[in-house]
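One structure below.
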Amino acid sequence: MRCTEDNPIFEGIDCEIFESRYPTTMALSVLVTIEMCNALNSVSENQSLLRMPPWLNIWLLGAIVVSMALHFLILYVKPLPLIFQVIPLSWPQWETVLQISLPVILLDEGLKYLSRNHLDGKESKK
1 MRCTEDNPIF
11 EGIDCEIFES
21 RYPTTMALSV
31 LVTIEMCNAL
41 NSVSENQSLL
51 RMPPWLNIWL
61 LGAIVVSMAL
71 HFLILYVKPL
81 PLIFQVIPLS
91 WPQWETVLQI
101 SLPVILLDEG
111 LKYLSRNHLD
121 GKESKK
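Going by UniProt numbering, the first residue of the sequence shown is number 1, and it counts up by one from there.
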């Protein structure tokens, strides 16, 4: 299904939005950043990042740095943006990416807290 002017499903929608590289680049950047946050959260299944700081695992930090460097490479080094069909993001766009991505750390910390304080050992008491 393609967005065309004669397709009633897309009536009143500017089909150019589906061709724009801005939304796809933003989505890719959010995905990459969220996955890096998830890597940080994976240091421990139940312990907080404050108890098990990620900087103790130099290999994890190195992998995150390399992953982000590769992402920046495809965004900012020609001809890679053309090959990957992305565009360089401005600082305000990166701020939006971070505002969307970083709460994943807080959500996972909340889930770890619930797991530690309310779920661990409850099943074994039944």
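Note that beta-carbon positions come from the ideal geometry of N, C-alpha and C, so glycine has one too.
For clarity, every value in this text was computed on a predicted model and none was experimentally measured.
To the nearest angstrom, report how far apart Pro103 and Leu50 are at their CA atoms.
-> 16 Å
Would you identify the three-state DSSP class for Val86, choosing helix, strand or coil?
-> coil
May I ask you to report which of helix, strand or coil DSSP gives Met26?
-> helix
Between Ile100 and Val30, which are expected to be in contact by the criterion C-beta below 8 Å, what is the C-beta distance as a whole number of angstroms?
-> 5 Å
Using three-state DSSP, classify Thr4 as helix, strand or coil.
-> coil
If you draw a straight line from the C-alpha of Trp59 to the C-alpha of His71, how long is it?
-> 18 Å
Starting from Asp14, follow the alpha helix (DSSP H) in both directions and report where the run begins and ends.
-> Counting along the chain, Asp14 falls outside any alpha helix (DSSP H), and DSSP gives it neither H nor E.
Quick one, are the C-beta atoms of residue 160 and Val86 less than 8 Å apart?
-> Outside the shown range of the chain (1 to 126) lies residue 160, about which nothing can therefore be said.
Can you give the Cα-Cα distance for Lys126 and Leu119, rounded to whole angstroms?
-> Low confidence applies to Lys126: its pLDDT is 47, below 50, so where it sits in the model is not reliable enough to give any reading.
Can you tell me which of the three DSSP states Gln93 falls into?
-> helix
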